[in-house]
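Worksheet for the structure shown next.
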Amino acid sequence: ELRADGNNARTFLLPRTGRPVHLNELTFGEAGLGSNVWDAGIALGIWLQENTHVVLGRSVLELGSGVGLAGISSALAGAASITLTDVDSNALLDNLAANAARNGVDATSAALDWAECGVAGYSPLEKFSCILGSDLVYYDQAAALVHAVTKLLAPGGTCVLINVKGREGVEGFAQLLRESGQGIVLAEHELALVHNFGRTPLLLTTFEKHGAALAETSTSAA
Numbered sequence: 073e074l075r076a077d078g079n080n081a082r083t084f085l086l087p088r089t090g091r092p093v094h095l096n097e098l099t100f101g102e103a104g105l106g107s108n109v110w111d112a113g114i115a116l117g118i119w120l121q122e123n124t125h126v127v128l129g130r131s132v133l134e135l136g137s138g139v140g141l142a143g144i145s146s147a148l149a150g151a152a153s154i155t156l157t158d159v160d161s162n163a164l165l166d167n168l169a170a171n172a173a174r175n176g177v178d179a180t181s182a183a184l185d186w187a188e189c190g191v192a193g194y195s196p197l198e199k200f201s202c203i204l205g206s207d208l209v210y211y212d213q214a215a216a217l218v219h220a221v222t223k224l225l226a227p228g229g230t231c232v233l234i235n236v237k238g239r240e241g242v243e244g245f246a247q248l249l250r251e252s253g254q255g256i257v258l259a260e261h262e263l264a265l266v267h268n269f270g271r272t273p274l275l276l277t278t279f280e281k282h283g284a285a286l287a288e289t290s291t292s293a294a
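In terms of our numbering, the sequence shown has 204 at position 132, counting the first letter as 1, and numbering is strictly consecutive.
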């Protein structure tokens with residue numbers, strides 16, 4: 073459930089703990105598709121509270137963070153560190169940092185262009201033991217997203233993505249991950265977010281990269 077706190081502010085009450093997450097949204101003119109919270113992001117934030125073991129004590133990267141709901145939810149679920157990313161936009165990145173601070177979360181916000189991950193010779197400065205993303209597959213984003221996931225995920229790491237069913241590329245995305253040869257698709261589950269305005273059908277995809285998992289601390293970033 074959520075309530076409006078002002079023109080650009082929304083508060084989400086997380087399940088289990090009932091802890092509120094306070095977020096500032098932007099206008100489409102300021103931040104494009106990342107300006108507000110989408111249904112898949114709400115679903116991922118809820119799912120993380122019900123499956124805290126996925127992020128507990130791990131370094132977490134959120135792709136296409138928007139206003140940061142899923143990344144902040146992972147911090148409150150016990151992630152060791154949080155990196156929130158989106159396109160190179162001062163408005164988006166400044167708002168991500170501010171939203172993390174509003175909720176007492178120590179997070180890094182950074183620009184990330186998925187297309188760069190597919191360039192020959194690309195080597196990231198850091199890899200993460202968990203990658204999260206919501207509503208990221210649309211138009212021609214699927215191939216670039218596969219590059220981002222497989223290049224930025226640490227050996228033995230887990231990626232959790234929730235996308236809206238019916239969007240272009242969503243139904244075939246898991247197969248692209250399989251064809252990368254970098255890991256295994258653990259599961260695909262159909263979900264739905266039901267709210268006052270209707271029902272949004274979703275697809276949850278979990279992926280694990282080949283290799284031994286890296287040891288990490290269990291301290292929380294919250």
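Glycine included, C-beta positions come from ideal geometry on N, C-alpha and C.
- The three-state reading of DSSP puts Ala147 in helix, counting H, G and I together.
- In this structure, the straight-line span from the alpha carbon of Ile234 to that of Leu249 is close to 14 Å.
- In the structure shown, Leu168 falls within a helical segment according to DSSP collapsed to helix, strand and coil.
- For Val132, the three-state secondary structure derived from DSSP is strand.
- In this structure, Gly244 keeps its C-beta atom at 8 Å or more from the C-beta atom of Lys281.
- Look at Asn162 here: in three-state DSSP terms it is helix.
- With 16 or more other CB atoms across the displayed protein chains lying within 10 angstroms of its CB, Ser146 is buried.
- Ala173 and Leu135 have their alpha carbons spaced roughly 19 Å apart.
- For the pair of segments examined, the region 113 to 129 was found to touch the region 263 to 275: the number of CB pairs separated by less than 8 Å reaches three.
- When DSSP assignments are scanned along the region 105 to 131, the uninterrupted stretches of alpha helix (DSSP H) that are 4 or more residues long and fall wholly within it turn out to be 111 to 122.
- Residue burial annotation: Thr99 is exposed, with fewer than 16 other C-beta atoms found within 10 angstroms of its C-beta.
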